[in-house]
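**Student:** Numbering (the numbering used here), first residue to last: 2 to 75. Cβ atoms here follow ideal geometry from the backbone N, Cα and C, with glycine treated the same way. The structure displayed is predicted, hence computed values, not measured ones.
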């Protein structure tokens with residue numbers, strides 16, 4: 002898999018978090034797993050994923066309250 006970009010040191014970067022940048026979405030599990038594996042990261046377990054999804058607050062339902070914890074609309 003070709004790297005998505007290179008960091009300032011010239012090292013290939015496959016997956017990273019950048020402030021104020023919307024993360025990739027609508028990606029199949031295989032592509033996500035491959036990118037995270039190439040970056041020495043891992044996807045959450047099913048249990049952790051479901052737990053997080055159940056407690057995350059959707060700002061679309063209460064954006065007037067200033068809640069921006071979970072961006073589900075892009």
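(1) Can you name the start and end residues of the alpha helix (DSSP H) that residue 54 belongs to?
(2) For residue 44 and residue 34, which I take to be in contact (beta-carbon distance under 8 angstroms), what is that distance rounded to the nearest angstrom?
(3) In the DSSP assignment, what are the bridge partners of residue 7?
(4) Does DSSP put residue 35 in a helix, in a strand, or in coil?
(5) Just the Cα atoms here: how many angstroms apart are residue 25 and residue 10?
**Tutor:** Short version:
(1) Here residue 54 corresponds to residue number 53 of the chain shown, with the count starting at 1. Counting along the chain, the alpha helix (DSSP H) containing residue 54 begins and ends at 47-56.
(2) As a position in the chain shown, residue 44 is number 43, starting the count at 1. As a position in the chain shown, residue 34 is number 33, starting the count at 1. Indeed, because the Cβ distance is near 6 angstroms, the residues count as touching under 8 angstroms.
(3) Sequence index remark: in the chain shown, residue 7 carries index 6 (1-based). In the DSSP output, where bridge partners are listed per residue, residue 7 has 13.
(4) Position 34 of the chain shown, counted from the first residue, corresponds to residue 35. If DSSP states are grouped into helix, strand and coil, residue 35 belongs with the helices.
(5) Counted from its first residue, the chain shown places residue 25 at position 24. Counted from its first residue, the chain shown places residue 10 at position 9. Taking the straight line joining both Cα atoms gives about 23 angstroms.
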